[in-house]
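Here is the structure we will look at, set down as structure tokens.
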Amino acid sequence: MNRLDPFYPVLDSAAWVQRLLPLGVRLVQLRIKDAAGEHLRAEIGNALAACRAHAAQLVVNDHWRLALDAGADFVHLGQEDLQDADLPMLRRRGVRLGISTHSEAELERALALAPDYIALGPVYPTTLKRMPWSPQGLPRLGEWKSQIGALPLVAIGGITLERAPGCFDAGADAVAMVSDIIRHPDPDARTTAWLQATRARA
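Structure (structure tokens):
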């Protein structure tokens with residue numbers, strides 16, 4: 001089973017990817033919700049080129065067709081995204097897969113698809129988007145980890161640098177964050193602090 005870097009920022013533009021990679025980031029997710037067409041294609045291509053230049057791993061959220069077109073080798077799908085994704089094609093192309101889960105039923109469904117990691121969220125309350133699920137809490141991470149074993153577990157939702165140790169102690173192998181980087185007053189310094197805090201877990 002391939003390990004994930006423990007520091008997993010989720011970014012909404014190629015510009016953010018290009019900004020953070022020189023700081024030492026090795027794993028990023030590009031999650032762009034409100035774009036389409038050539039702009040979205042360009043964003044994925046630019047993010048992928050930056051990651052290749054810095055020997056980093058890019059995970060493309062949702063847009064699996066464009067990810068394939070660009071030559072990306074890792075996608076992340078939510079439960080709704082799974083409805084339309086051509087999973088056999090992704091596997092034939094050697095694309096790795098991460099899947100979001102929020103309930104036991106979703107976990108069971110995800111595990112049946114043999115993903116490369118499982119994400120659980122929201123661990124904490126998040127203001128980034130409206131969530132139909134209550135915060136999962138740290139004990140839930142432990143429950144998930146006991147069920148998935150060696151499969152990497154990603155904690156997401158309301159994760160801050162201060163909350164990260166609790167997530168790791170509860171069973172997470174990696175922590176994903178959005179606002180704690182892109183909405184921080186000093187994103188570069190915050191990213192450096194994250195890298196220093198998680199380096200020993202890599």
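Number 102 in UniProt numbering belongs to position 102 of the sequence shown; there are no gaps in the numbering.
Think of the CB as a built atom: it goes at the ideal place given N, C-alpha and C, for glycine as much as any other residue.
Assigned exposure category for residue i - 16 Cβ within 10 Å defines buried
i	result
D186	exposed
E43	buried
G149	exposed
N61	buried
R190	buried
W133	exposed
K33	exposed
residue 211	Residue 211 lies beyond the range of the chain shown here (1 to 202); nothing can be said about it.
G137	exposed
P125	exposed
Of the listed residues the options, nearest to residue i (C-alpha basis)
i	options	result
L151	P139, V123 and A172	A172
W64	M177, V95 and G24	V95
L11	I182, Y124 and A164	I182
L4	L97, A85 and D62	L97
R26	Q147, I118, S146 and P9	P9
A72	E106, G166, A50 and G158	A50
Separation of residue j from residue i, as counted between CA atoms
i	j	result
E38	D169	42 angstroms
L66	M89	13 angstroms
V28	A56	8 angstroms
E104	T198	29 angstroms
T192	L23	7 angstroms
R31	L77	10 angstroms
Residue range of the unbroken beta strand (DSSP E) whose run includes residue i
i	result
P6	Element bounds for P6: n/a, residue is neither H nor E.
G98	R96 to T101
Q29	L27 to L30
A35	Neither: A35 is in no beta strand (DSSP E) and is coded neither H nor E.
Q57	Q57 to N61
Extent of the continuous alpha helix (DSSP H) to which residue i belongs
i	result
A119	It is not in any alpha helix (DSSP H) - A119 instead sits in the beta strand (DSSP E) that spans Y117 to L120.
V17	A14 to L20
Next on the checklist: Measuring CB atoms only, is the region 97-114 touching the region 10-23, in the sense that at least three cross pairs come out at less than 8 angstroms?
Outcome noted: The region 97-114 vs the region 10-23: no contact.
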